[in-house]
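A short worksheet on the structure shown next.
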Amino acid sequence: MRNEIEHRSTNRIDDALSAKLQACCINFNDAIKDLFGREFALEKRLPIALQFVTFDGVQRQSLIATDLPAHIATAMDNFHAALSEDEQKDPKFRFRVAFVPKLSGKASKSDLAVEFIKPGSPEAEAVERVLLKEVERPKFLPGEIVAKVKAAGHAGFNMYDHTKLSQQLDARNPGKGYGVKVANTWYWYESWLEKVLETERRLD
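Position one of the sequence shown corresponds to residue 1246 (my numbering), numbered consecutively onward.
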């Protein structure tokens, strides 16, 4: 990852790592206060970050790292697979916030940029579901791929066809970005499902 940051294209992994980098900033500031005193806290000089983008559908898609290098994506997936659920949710590991456009009936309250939501509330649960949906990449076992292809109208497609196609396309090559090996089990990404469906449509 350091090589990707220093020598390649930093902007390709900014979005994938931003929550962890934010956690590092907060952890660093906490360490400064613990070691040297609150008078040296960075929030006195850098209290808030301003965003220079709006969040309509088009711009939201531009912020998602869809072209993450395969070796970086694989390394991150393997690292996350070794963490417990509690470790992954710990804000000291990954600090995430949700921006929600908010309207107010009173002009005096309409300029509030940040609103804190009580943990466990319906609002917090809704936000968490959205964040998890954006962060986690769906993974499928081979049998699930076959079932989805059948459900898409290709009833004759079976596990033998799937195995043969994956071998022909060298689809398990990590450089292809079609899947990842986690705990000695291979999982396929949606990109592989799309490739299989595309191939089946051509054959039909």
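Each residue gets a CB set at the ideal place from its N, CA and C atoms; glycine is no exception.
Same chain only: Cβ atoms within 7 Å of C1269, ignoring 5 sequence neighbours per side: The residue labelled residue 1269 in the question sits at position 24 within the sequence shown. Here the set comprises nothing.
If you drop the 5 nearest sequence neighbours on each side, which residues of the same chain put their C-beta closer than 8 Å to that of D1415? Mapped onto the sequence shown, residue 1415 falls at position 170. Correct list, in chain order: K1421.
Proximity to G1401 [Cα-Cα], best of L1448, K1289, A1276: Counted from its first residue, the sequence shown places residue 1401 at position 156. Ranking L1448, K1289, A1276 by Cα distance to G1401 puts L1448 first.
So what does W1433 bridge to, in DSSP terms? Stepping through the sequence shown from its first residue, residue 1433 is reached at position 188. Paired residues: F1385, G1424.
Please determine, among S1366, I1271, Y1434, the residue with the shortest C-alpha to C-alpha distance to K1393. Against the sequence shown, residue 1393 aligns to sequence position 148. The shortest C-alpha separation from K1393 is found at Y1434.
Taking the alpha-carbon positions, what's the S1353 to R1446 distance? Along the sequence shown, one-based indexing puts residue 1353 at 108. Along the sequence shown, one-based indexing puts residue 1446 at 201. Note on S1353: pLDDT 49, under 50, position unreliable in the model; the coordinate value appears next. Rounded to whole angstroms, S1353 to R1446 spans 57 Å at the Cα level.
For a quick check, are the C-beta atoms of F1385 and Y1432 less than 8 Å apart? For this step, residue 1385 is matched to residue 140 along the sequence shown. For this step, residue 1432 is matched to residue 187 along the sequence shown. Contact: yes.
So, is T1255 buried or exposed, given that buried needs 16 or more other C-beta atoms within 10 angstroms? Against the sequence shown, residue 1255 aligns to sequence position 10. Reliability of the predicted coordinates at T1255 is poor, the pLDDT of 48 falling under 50, and no value is obtained from them.
What is the rounded straight-line gap between the Cα of T1408 and the Cα of H1325? Locating residue 1408 in the sequence shown gives position 163, counting from the first residue. Locating residue 1325 in the sequence shown gives position 80, counting from the first residue. Computed Cα separation, rounded: 27 Å.
Would you identify the three-state DSSP class for S1411, choosing helix, strand or coil? Along the sequence shown, read from residue 1 onward, the residue named residue 1411 stands at position 166. Helix, per DSSP.
Using the C-alpha atoms, what's the distance from N1418 back to V1211? Missing from the structure shown is residue 1211; the chain here goes from 1246 to 1449 and no further.
Consult DSSP for S1263 and reduce its assignment to one of helix, strand or coil. Mapped onto the sequence shown, residue 1263 falls at position 18. If DSSP states are grouped into helix, strand and coil, S1263 belongs with the helices.
Simplified DSSP state of P1336, which is helix, strand or coil: Here residue 1336 refers to the residue found at position 91 when the sequence shown is read from its first residue. Coil.
Alpha carbon to alpha carbon, what distance is there between K1334 and N1403? Position 158 of the sequence shown, counted from the start, is the residue given in the question as residue 1403. Position 89 of the sequence shown, counted from the start, is the residue given in the question as residue 1334. In a straight line, the C-alpha of N1403 is about 38 Å away from that of K1334.
Excluding the 5 residues flanking K1278 on each side, which residues of the same chain have their C-beta closer than 8 Å to its C-beta? Mapped onto the sequence shown, residue 1278 falls at position 33. Hits under 8 Å: F1285, A1286.
Specify the secondary structure class of A1318 as computed by DSSP and reduced to three states. Here residue 1318 corresponds to residue number 73 of the sequence shown, with the count starting at 1. Correct three-state label for A1318: helix.
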